[in-house]
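**Student:** Residue numbers (the working numbering): 650 to 994.
Could you have a look at this structure, given as structure tokens, before my questions?
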């Protein structure tokens, strides 16, 4: 079983739940930038053991499906097709061997996840199949996918095989999906295309009180625009007025000073000397020497991963207790969904 890549777009990488336990050696966690979308996709196709998926950004994607399989699309809202026939998002889809699967347009969001039953079975590096592009390891030889790459797929579980056979028996075309689906509130980007300003909840960072009162107030009151300097390591923002492209004053420390490098994680917001926030994502370094003004709450990291250049965000302060409560609520919903999927045909 395999997928043959015919078009890989601007960047398509193999990602799983991340490379845990190696940050003390300077190795980033990596893994899916939108972990919620990745987890939902895995559940939809019956992958329960951290099997790898494909993380796809805009630019066009096409693959030849070289065996009967079950796949699901989550994350960004995209226009996807099997043999030029539109396929739905947020549900398992049976695809017949020899079919052409394509993604032609992103309606909203920035990262789509293609989960395939059995997972993408590239070799593990440090207990993960995730691609770390800067380190050039993991995934498909450490690089983003290219035309001609052939991705092996893993073994199919008994439950997934039953679902494939059920859909295959009722199919007279290249694909067939189930009638049920994951609510769009869960599998979509959580920021509708008509939402003008995207809100990210944050808690204060260790250096928050080191900034000037004006900078602290501006961090929560003014909008920030996503610049083209955005990748899997992080997002650089620019301060602009809502009604123009006029640059606003930079965020500054009350007393500029050199800082001792300290641990950072995906979600950390640093303020470099240029005075505009940088939000770290999945491939972020393990230590940093810039002051940390805040941390994006875990529940909002999926939304942050879907930001694209030109999007506008505001940071909203929440308490640690509120952030933990929101995360617990989300995890309860995910657990309920996982349980329910065990009984879906």
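Beta carbons: idealized from backbone N, C-alpha and C, even for Gly.
Where does residue 699 land, buried or exposed, given buried means 16+ other C-beta within 10 angstroms?
**Tutor:** It is buried - the Cβ of residue 699 has at least 16 other Cβ atoms within 10 Å.
**Student:** Where does residue 1028 land, buried or exposed, given buried means 16+ other C-beta within 10 angstroms?
**Tutor:** Nothing about residue 1028 can be reported from this structure: the residues present for the chain run from 650 to 994 only.
**Student:** Could you give the first and the last residue of the continuous beta strand (DSSP E) run that contains residue 758?
**Tutor:** Here the beta strand (DSSP E) through residue 758 covers 749-765.
**Student:** Please identify the residue among 829, 909 and 963 whose C-alpha is closest to the C-alpha of residue 986.
**Tutor:** Of the candidates 829, 909 and 963, the one whose C-alpha sits nearest the C-alpha of residue 986 is 829.
**Student:** Grab the span of the beta strand (DSSP E) containing residue 942 for me, first residue to last.
**Tutor:** That run of the beta strand (DSSP E) goes 941-945.
**Student:** So does the stretch 719-736 actually touch the stretch 775-782, counting three or more Cβ pairs closer than 8 Å?
**Tutor:** With the cut-off at 8 Å, the stretch 719-736 and the stretch 775-782 do not touch.
**Student:** According to DSSP, simplified to helix, strand and coil, what is residue 705?
**Tutor:** Here residue 705 sits in strand by DSSP.
**Student:** Candidates 923, 969, 705 and 732: which alpha carbon is nearest residue 658's?
**Tutor:** Ranking 923, 969, 705 and 732 by Cα distance to residue 658 puts 705 first.
**Student:** If we ignore side chains and look at the alpha-carbon of each, how far apart do residue 776 and residue 909 end up?
**Tutor:** So the alpha carbons of these two residues sit roughly 31 Å apart.
**Student:** For the alpha helix (DSSP H) holding residue 700, just list the boundary residues, first then last.
**Tutor:** Residue 700 -> no alpha helix (DSSP H), and no H or E assigned at all.
**Student:** May I ask whether a heavy atom of the ligand MN can be found less than 7 Å away from the beta carbon of residue 668?
**Tutor:** With respect to small molecules bound, the structure shown includes none, and the ligand MN cannot be examined in it.
**Student:** Using 10 angstroms around the beta-carbon of residue 860, count the other beta-carbons present and answer buried if the total reaches 16, otherwise exposed.
**Tutor:** With 16 or more Cβ atoms within 10 Å of its Cβ, residue 860 is classed as buried.
**Student:** Apply the 10 Å Cβ neighbour rule to residue 870 and answer buried if 16 or more other Cβ atoms are within range, or exposed otherwise.
**Tutor:** With fewer than 16 other Cβ atoms within 10 Å, it is exposed.
**Student:** Just checking my contact of residue 928 with residue 945 at CB under 8 Å: how many whole Å lie between their CB atoms?
**Tutor:** So it is a contact: roughly 6 Å between Cβ atoms.
**Student:** Should residue 931 and residue 662 be called a contact, given that it needs their Cβ atoms to be closer than 8 Å?
**Tutor:** Going by C-beta atoms, residue 931 is not nearer than 8 Å to residue 662.
**Student:** So which of 689, 897 and 825 has the shortest CA-CA distance to residue 743?
**Tutor:** It is 825.
**Student:** Using only CA atoms, which one of 955, 823 and 918 lies nearest to residue 686?
**Tutor:** The residue with the shortest Cα to Cα distance from residue 686 is 955.
**Student:** Rounded to whole angstroms, what's the CA-CA distance from residue 948 to residue 787? Just pull it up for me.
**Tutor:** In a straight line, the C-alpha of residue 948 is about 26 Å away from that of residue 787.
**Student:** Identify, in the order they occur along the chain, each residue of the same chain with its Cβ nearer than 6 Å to the Cβ of residue 711, setting aside the five sequence neighbours on each side.
**Tutor:** Excluding sequence neighbours, residue 711 sits near 655, 656 and 751.
**Student:** Just checking, does the stretch 807-826 make contact with the stretch 730-740 on the three C-beta pairs under 8 Å criterion?
**Tutor:** Taking 8 Å as the limit for Cβ pairs, the verdict is that the stretch 730-740 does touch the stretch 807-826.
**Student:** Assign residue 762 to buried or exposed, taking buried as 16 or more other Cβ atoms, counted over all protein chains shown, within 10 Å of its Cβ.
**Tutor:** Buried is the call here.
**Student:** From which residue to which residue does the alpha helix (DSSP H) around residue 867 run?
**Tutor:** From DSSP, the alpha helix (DSSP H) with residue 867 extends over 862-870.
**Student:** What does the alpha-carbon distance come out to for the pair residue 676 and residue 815?
**Tutor:** If I take the Cα positions, the gap works out to 43 Å.
**Student:** How about residue 847 and residue 717: do their beta carbons lie closer than 8 Å?
**Tutor:** No, Cβ-Cβ distance for residue 847 and residue 717 is not below 8 Å.
**Student:** If we call anything under 8 Å between Cβ atoms a contact, is residue 881 one with residue 966?
**Tutor:** Not closer than 8 Å, so no.
**Student:** Around the Cβ of residue 796, are there at least 16 other Cβ atoms within 10 angstroms (buried) or fewer (exposed)?
**Tutor:** It is exposed - the Cβ of residue 796 has fewer than 16 other Cβ atoms within 10 Å.
**Student:** On a CA-only basis, which of 683, 768, 690 and 666 is nearest residue 650? Give me that one, please.
**Tutor:** Closest by alpha carbon: 768.
**Student:** Between the Cα of residue 914 and the Cα atoms of 938, 899 and 905, which residue gives the shortest distance?
**Tutor:** Residue 938 is the option with its Cα nearest to residue 914.
**Student:** Does residue 778 come out as helix, strand or coil in the three-state DSSP assignment?
**Tutor:** Residue 778: coil per DSSP, three-state reduction.
**Student:** Just to confirm my understanding: we take residue 976, look at its own chain, exclude 5 residues before and 5 after, and list those with CB closer than 8 Å. What are they?
**Tutor:** Cβ neighbours of residue 976 beyond the five flanking positions: 946, 947 and 948.
**Student:** Once you ignore the five residues that flank residue 885 on each side, which residues in its own chain have a CB closer than 7 Å to its CB?
**Tutor:** So the qualifying residues of the chain are 876, 878, 879, 925 and 927.
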